[in-house]
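Residues 3 to 562 in this note's numbering are what the sequence shown spells out, letter by letter. Notes follow once the structure below has been shown.
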Amino acid sequence: MRRRRLVPLLAVSLTATLAPALATSTANAAPAAAAPSVASSHAAPRSAALPSAVLPPAAQGAALDRYTKQKPRWKRCASTAPAEFQCATIKVPLDYRAPGGKRIDLAISRIRTAEPGKRHGVLLSNPGGPGGSGTYMPLALREELPKSVLRKYDLIGFDPRGVGESSPVTCGLTPEEEEWLRPYKEETFAKDVAWARKVADKCRAKAGATLPHITTRNTARDLDLLRAVLGEKKISYLGYSYGTYLGAVYTQLFPGRADRFVLDSAVDPALAWRGMVQWWAWGAEPAFDRWTGWAAARSETYGLGDTPKKVDRTFWELVARADRKPVELDGLLLTGDDIRIGMRAAVFSPQTATEAFVELKKAADGQPAAARKLTAFTGTTGAARTAADVPADNMTASFWAVVCGDNSAAWPRNPERYRQDAIADKGRYPLFGDFASSIKPCAFWNPSVERATVVNNKAGSLIVQNEWDSQTPLPSAQALHQDLKRSRMVTVLGGEGHGVYPSGNACTDGTVTGYLLSGKLPAKDVTCRATAASNADARQNRKGDELPGSPLPERAPDRF
């Protein structure tokens, strides 16, 4: 039997079809030089912010001239893609402290406005990750955004450094080594420590000179270099999940160059990144309680119990059964740990969780089960397609580069600390606490090249957040709102799913669209209420196939 594997963040990627155009559209550049307890100890420590320039301003400007004066050679991305969807590749310095040194590729894409007379500027976008490819985003956003917004902007996509077609990194990891959501068990902890050490060692051996520079700060610098290459004084931006952190870091480093920034499903910068993973466990508990109440109120339909306590007992009894005898689902074997992983994300949509759990219970009892309702556990909603020349572990390698390298101080070095935290958090947050707090490769990662970015600025931004978001809980968006002093926040009460805009909700869509069109933030924070249609859209995951930045939670239970 095959063991269940989690699917990647991105449901659909155009990277495979874009690869030829990206490879042949390199810009005319100069020749290359020689080459928790969330409120307690689990929170990532704050540290002093570094200035945006890594060289003195005059020296930096001269050193970057060879990059900012590039002229992208735009070409049709692929013969099967629309002619207006264009791709190119520019060069960026691997290390901004030494811009005369090694250069790497930055794959970019665009769809220009069809009405240049109404153009306001460029709208860059990021789908999340870390490690998510974004060159397809203009094509996806063209299908989703209102025509009024499309008239205002050239849509710009990019693969972040180290990702996809942007000089992709690899650690040479096997599929088994890529699996990182590991439950704490006394008998397997030593094996998990060895796994974490091996992943870090393989990454050092395979890409030790490159990975230290695959960070959010450097990606933000790449965006500003791209701004200059495009001839723009400012950029506007639409970032989802991890993309909210990237956007926030950009506003910290380059506040005068940030125009209209929409940060959808937000990361708390102070918790990047161990604290954010641990918040997956914290956030799951109230969502689980909400689910048991929802299912109990519909016990005549679903038969899981007529009180929340009975639904809770039904769930944990099946988890225990699956640990003794895994549940067979279409060639997969699901243990109790697999069920906990699947339900951790699914419970943020009670209807999705209930329907999936009912079918899972049928399968455990030897009855026929509806496979289409079991994707929270099987992960068979679709697999990411990547270009043939992109390493198979690229998303994982770039994920660890950012998650470990952005703020190595957030990750304890002593494996015993992870053991203690996993035991404690399994007690506090039984659904997912041990997965979130157990050991990760970051315990053995090299120290960060730069200290973590403290976000604390007055650049205007609009933060958009669902109340029931499995990957970035509501308090993380509220924390970012506090850090961005001039921001406004749109909260969708009752909103389910990871990714809000656009959702078909007149309140949220109208607020965000109005900001993108006028540049005027709401006078005060906005509270919207979810509609049946917008939550149904999230449950059916229609946007997940078109807008990978807004996946249904079970699409990507191990990414931001």
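The beta-carbon is built from N, C-alpha and C at its ideal position, and this holds for glycine as well. The structure presented is a predicted model; accordingly, all values stated were derived computationally and were not measured.
According to the DSSP secondary-structure assignment, residue 330 is paired through a beta bridge with 335. Note on the segment 64-140: whole beta strand (DSSP E) runs with a minimum of 3 residues are 88-95, 105-113, 123-128, in chain order. The three-state secondary structure of residue 198, taken from DSSP, is helix. By the neighbour-count criterion, in which 16 or more other beta carbons inside 10 Å mark a residue as buried, residue 262 falls on the buried side. If you keep only unbroken alpha helix (DSSP H) runs of at least 4 residues inside the segment 394-425, you get 396-407. Spanning the alpha carbons of residue 212 and residue 171 requires a straight line of approximately 8 Å. Residue range 463-470 is occupied by the beta strand (DSSP E) that includes residue 468.
Just so you know, the alpha carbons of residue 292 and residue 79 end up roughly 45 Å apart.
Under the Cβ criterion (8 Å, minimum of three pairs), the segment 421-435 does not count as touching the segment 197-211. Residue environment analysis places residue 241 among the buried positions, since at least 16 neighbouring C-beta atoms fall within 10 angstroms of its C-beta.
Taking 8 Å as the cut-off, the Cβ atoms of residue 104 and residue 519 do not count as close. Between the segment 121-137 and the segment 155-164 there are three or more C-beta pairs closer than 8 Å, enough to call the two in contact.
Annotated three-state conformation of residue 501 is coil, per DSSP.
Out of 312, 308, 275, 341, the CA that lies nearest to the CA of residue 439 is found in 275. Distances from the alpha-carbon of residue 85 to those of 63, 100, 111 put 111 closest.
In terms of Cβ geometry, residue 320 and residue 375 do not form a close pair [threshold 8 Å].
The beta carbon of residue 324 sits closer than 8 Å to those of 336, 337, 338, 340, 341, 366, all from its chain and outside the five residues before and after it, given in chain order. For residue 257, the CB contacts under 8 Å within the same chain, skipping 5 residues up- and downstream, are 459, 460, 461 in chain order. In the structure shown, residue 493 falls within a strand segment according to DSSP collapsed to helix, strand and coil. For residue 358, the three-state secondary structure derived from DSSP is helix.
Secondary structure within the segment 217-271: the beta strand (DSSP E) runs of 3 or more consecutive residues, fully enclosed, are 237-242, 260-266 (chain order). Residue 517 is not bridged by DSSP to any residue. About 5 Å separates the CB atoms of residue 109 and residue 168; that is less than 8 Å, so the two are in contact. With 16 or more other CB atoms across the displayed protein chains lying within 10 angstroms of its CB, residue 474 is buried. Nearest to residue 234 by alpha-carbon distance, out of 535, 147, 122, 391, is 122. Judged by their CB atoms, residue 415 and residue 454 are not nearer to each other than the 8 Å cut-off.
By the Cβ-count criterion, residue 286 is buried, with 16 or more other Cβ atoms from all chains shown falling within 10 Å of its own Cβ. Taking every protein chain shown into account, the CB of residue 163 has 16 or more other CB atoms within 10 angstroms, so this residue is buried.
Using a Cβ-Cβ distance cut-off of 8 Å, the segment 221-229 and the segment 186-199 are not in contact, since fewer than three pairs of beta carbons, one from each stretch, lie closer than that value. In the structure shown, residue 155 falls within a strand segment according to DSSP collapsed to helix, strand and coil.
In this structure, DSSP gives residue 459 an extended state, which the three-state scheme calls strand. Distance from the Cα of residue 166 is smallest, within the candidate group 393, 431, 538, for 393. Annotated three-state conformation of residue 313 is helix, per DSSP. The beta carbons of residue 481 and residue 270 sit about 4 Å from each other, so the pair counts as a contact at 8 Å. Membership of residue 531 in the beta strand (DSSP E) is indicated by the continuous run 528-531. The beta carbon of residue 495 sits closer than 8 Å to the beta carbons of 469, 529, 530, 531, 532 from its chain, once the five residues preceding and following it are set aside; these are given in chain order.
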